[in-house]
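A quick write-up on the structure given underneath.
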Ligand SMILES: Cc1cc2nc3c(=O)[nH]c(=O)nc-3n(C[C@H](O)[C@H](O)[C@H](O)COP(=O)(O)OP(=O)(O)OC[C@H]3O[C@@H](n4cnc5c(N)ncnc54)[C@H](O)[C@@H]3O)c2cc1C
Ligand code: FES
Ligand code: FES
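Chains as they are written, first to last, in the numbering used here: chain A, 227 to 973; chain B, 45 to 202; chain C, 49 to 335.
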């Protein structure tokens, strides 16, 4: 479709930084987040969770809880029909265990009661008879013969025979003959890495208010990245028809991928159905850590060969990911992303997903990529050091560019990696002097980006303003970007447009807010909905002027006669056409529905300076600069915000964040005091440099920007720390005890 | 549990509620008084999303018993704007895009206001340390620090 | 659960002593409320002692200071004379938690919560501070070092609580310092910590010293050998090495999510040396 394609143009509004439409609500405390909703007669729902990492649930006796005054309903796994579909069954079993508790924190029962105190008391009265089973939480241990089997019979056919029953899938990507490539190298480095599971760490815990009536209709209010998907999952689990379940998204207090699935939503609906009253369920922070989406934990081997002058001759990676107690496809994305930044003749990755007694993985910004790229970029850095080569020169020499056959198959169209590397090279940060115990690290980052199903309505109001209805929760300013693109297309001021995020009944299906898709895909649909409305407005003008439709064009927010036979009429503005609309055929609206392709991949490069205190192992991040290709930065403030936020999450991952399990298989640090996300005083300013290499697949050249920035920090910081201490760090996070141990200060 | 009757002042107006003895001030504000601007990110003092002031002191309302505020003066995000006039900090946060999801914003604004009342001309480092108990997972804090400094300059009349 | 905002010391002591069930004293509540939320304790009675007379006062006494047990970190930090005399105590106390936590947290709560990692305690121990305790049988004084009995346990008897701390008069050339190690810059519990309180004589040499370590044993520990190592010195390298060694020898830590035994032991020595330097400079010494 030529219509979708990028066309070079001068932007009037896209690229400016107007205030976001939901700003005032959010600075005054008025915005309604998940837990802020109340309904008349509402009950409080709470969930009982397994204290065991792995246990058979022999029986659940809720009679005492049900007998407690004020308790209105109890729900267990037995209340849900067992879905046929594997995927849906896994999601459901993660929401409410059936037969076995698969990790510490796995939900086993829920209650609804008249208030929080009663619900809490009721939880204590539910008797669960557990038979404790041996557990395994480490990915390498779970792959060993004789490891406790988390779930039986989940192994796909492509897994080689003889592996542990915990291995569920295998994948391979690449081309060429790595062995031949290594033979040509002057230096080959092979290293093994481990990365801990981390959590998205959104500040808003999951919350849902459900109301199911006796006629089978349901209303659900929740904080989610994708209410249409929530509807699909919940309707499937409760045996409801999509039309009968309306899901309304609240404002969302962060997600980063972690709110792309359901946890408490089907439970709240089931409680409400049984109790006959609305039910609110809000997770505690402890529940968020124990039972919602961490990333995969990984163990990775990487081997790379390089010539003396810095040409990579071959790359190979063996990736073992654990997505917790359920089969998980993230390994495939890791395998595909690992070498994406390089133009290689010989490259291959081998991946395995492994079950462990940990919570089910949920997406976290570029799922699977940060870990794989961390390992690759660490080895590249080690080669640069060994061969005394400049790390940016080496990246430039091997960089993927237009026409490169990517390590995962497709040939790249226009991409921005070389531009970001060159920008980093020119930037004063790259050559700034360093003090003692200080060092500089860098890394490339990559993410695929997605498009997907999108549906947008655009209504032209009779006073000449415009309302846009879209279906993707606004997680960081996307309403502003959507309004900007509509303003650009229609030629009216940004302020005259209001964009809202509507419920599942108001629009066709919209995919989840993920894959960095919203500004790209919703933007594209908005542009096309605007063009649809423009076409209709041109028709109305033609009718008023009594000329041919084809003789009317849209220019600067108005219909104008065009062509030799159009006649001379003054431009008719959007407002004028709208004011007359009742007389010219009724209200005017534009729509667009599409399954969008053509999301351009995105690359970034991060530069970081650190200082390591060699007596305590503490790392201080001194300076941080991000270079990233945004295609077109629609609202640069929010593009910078994505880059800065992603980088800081990566800094946390590199230095301190990790899921720590005890010998008993229980999570030791299910709170913000010991799950250490960066605080303001940990950080320097995060400088950003936006590059704009237009994505050929979007009318304005937009690429997704949200995920790539979490990818480079892991290796950039590890490379800096390794250079500062003179020893290669191979495990994340690089907590102070690990650094002191690597230096050799402590045994 | 026998409920207690508490009389306080919230954002300058008299406010009364009943609560259980173990209920937090945050729960009372949100569930008894309908003031949902303060958020519960953790309930254990770690995130600062529930920040309010009690008798002028910045606190986490999740770490205060509702029963303790008898006779106290409480200020929340809902009282920060002067009727239809936003506080300079509120405007600066919008102008500088210092929020993404916005769930940390009420707590950060209340905390920043109390900083500027004490120290009208803080260094960046002072702002960062003062706000260390306010977690923001979206922004990386950069734009928050800029917004606070811009509001501080405006409030100093600079 | 019942909540009592006691009006007098006697009322508080009586109520606490009379309660057959679980009681908690409420000062800043920054430990108590977290424990309530987690369901770690379900008290039958909570007695709020903040509103008792004198509990929030800081006043001069015997050439030193008497600090009310319910004085919050932010309040003590605003008392210039106290902070000048006891900078190590002030910084230890003010390291606790965030600005918000500082608005509430107290030294008495920090001490009686009895975490080995309590940040205000090492400097109180090194400073020789004495707590005044009220109880059903009247008042008594007890050195801070004798109050913790082990993680989560104190030597206070049923119905007893701290009403104030007495900081002794400061000699000329005396000062203190406290350092802790945490992985972030704020909002963490100490992995190890050290307080040094010292006095310098006219010759510029350390004439008296006390060293206390946190988070490396079941309670905060005094390390007289470490103090001995620097007394009579100007903190030369040999003295500091001996001090670090003495500190390491006094460590009896655990491996847990916050740090390893080796890490805690090593950093305790490093921090003690650094704290000694700071205290020495504050006391007017020139190394
Ligand atoms: C986010 C956060 C961060 C924290 N960071 C730190 C930190 O960095 N370092 C640190 O050391 N601690 C930290 N803490 C723990 C806590 O803030 C401190 O221990 C604080 O000093 C406790 O004081 P409080 O007045 O709030 O105690 P409370 O919670 O009121 O009481 C604590 C305990 O002491 C008892 N108690 C209270 N007052 C008295 C009294 N007068 N006499 C006898 N017993 C009494 C109580 O019964 C209770 O058992 C943190 C807590 C939070 C929530
Ligand atoms: S909710 Fe109070 S600090 Fe997090
Ligand atoms: S803006 Fe989302 S947590 Fe701060």
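All C-beta atoms in this analysis are idealised placements derived from N, C-alpha and C, irrespective of residue type, glycine included.
Within the same chain, and ignoring the five residues on either side of residue 85/B in sequence, the residues whose Cβ sits closer than 6 Å to its Cβ are 91, 93. Using beta-carbon distances, residue 125/B counts as an interface residue toward chain A, with a partner under 8 Å. Residue nearest to residue 720/A within the set 691/A, 657/A, 643/A is 691/A (criterion: CA-CA distance). Note on geometry: alpha-carbon atoms of residue 125/B and residue 131/B lie some 5 Å from one another. Chain B has no Cβ within less than 8 Å of the Cβ of residue 226/C.
Residue pairing by DSSP places residue 673/A opposite 828/A in a beta bridge. Around residue 187/B, the same chain offers 140, 141, 142 as residues with beta carbons nearer than 6 Å, after the five sequence neighbours per side are excluded. With respect to the 8 Å criterion, residue 525/A and residue 366/A are classified as neighbours on the basis of their beta carbons. Taking the CA atoms as reference points, residue 241/A sits about 27 Å from residue 689/A. In the three-state DSSP reduction, residue 134/C falls in the coil class, being neither helix nor strand. If you measure from each CB to the nearest heavy atom of ligand 3, the residues under 5 Å come out as 429/A, 480/A, 143/B, 144/B, 145/B, 148/B, 180/B, 181/B, 182/B. By the rule that beta-carbons nearer than 8 Å mark a contact, residue 902/A touches chain C. With respect to the C-alpha of residue 859/A, the residue from 912/A, 874/A, 927/A having the closest C-alpha is 927/A.
Distance from the CA atom of residue 90/C to the CA atom of residue 850/A, rounded to whole angstroms, is 47 Å. Nearest CB-CB separation between residue 291/C and chain A: not below the 8 Å threshold.
Selection 448/A, 259/A, 786/A, 548/A evaluated against residue 368/A yields 548/A as nearest (Cα-Cα).
Of the candidates 511/A, 456/A, 633/A, 654/A, the residue whose Cα lies closest to the Cα of residue 493/A is 456/A.
Shortest gap from the CB of residue 78/C to any heavy atom of ligand 1: under 7 Å.
Residue 231/C counts as buried, since at least 16 other C-beta atoms from the protein chains shown sit within 10 angstroms of its C-beta. Secondary structure note for residue 818/A: its beta strand (DSSP E) is the uninterrupted segment 814-822. Taking C-beta separations shorter than 6 Å and ignoring five residues to either side along the sequence, the partners of residue 564/A in its chain run 543, 575, 598, 602, following chain order. If you ignore the 5 residues before and after residue 436/A, its C-beta comes within less than 6 Å of the C-beta of 446, 494, 495, 498, 505, all in its own chain and listed in chain order. Membership of residue 545/A in any alpha helix (DSSP H) is not indicated; the residue belongs instead to the beta strand (DSSP E) covering 538-548.
Rounded to whole angstroms, the Cβ separation of residue 95/B and residue 154/B is 4 Å, and the two are in contact under 8 Å.
Within the same chain, Cβ atoms closer than 6 Å to the Cβ of residue 831/A are found at 646, 647, 650, 670, 853, the five residues on either side in sequence being excluded.
Sequence-ordered contacts of the region 85-97 of chain C with chain B read 85, 86, 94, 96 [C-beta pairs closer than 8 Å].
Taking a cut-off of 8 Å on C-beta distances, the region 270-283 of chain C does not touch the region 200-212 of chain C, as fewer than three cross pairs fall below it. Counted as a single uninterrupted DSSP element, the beta strand (DSSP E) harbouring residue 214/C occupies residues 209-215. With at least 16 other beta carbons inside 10 angstroms of its own, residue 261/C counts as buried. Against chain C, the CB of residue 337/A has no partner CB under 8 Å away; the residue lies outside that interface. With respect to chain A, the C-beta atom of residue 149/C has no partner C-beta closer than 8 Å. Excluding residues up to 5 positions away in sequence, 284, 285 lie with their Cβ nearer than 7 Å to the Cβ of residue 355/A in the same chain. Interface criterion met: the Cβ of residue 84/B is under 8 Å from a Cβ in chain A. It is roughly 13 Å from the alpha-carbon of residue 475/A to the alpha-carbon of residue 481/A. Taking the C-beta atoms as reference points, residue 709/A is found nearer than 8 Å to residue 247/A. Between residue 233/C and chain B, the shortest Cβ-Cβ separation is below 8 Å.
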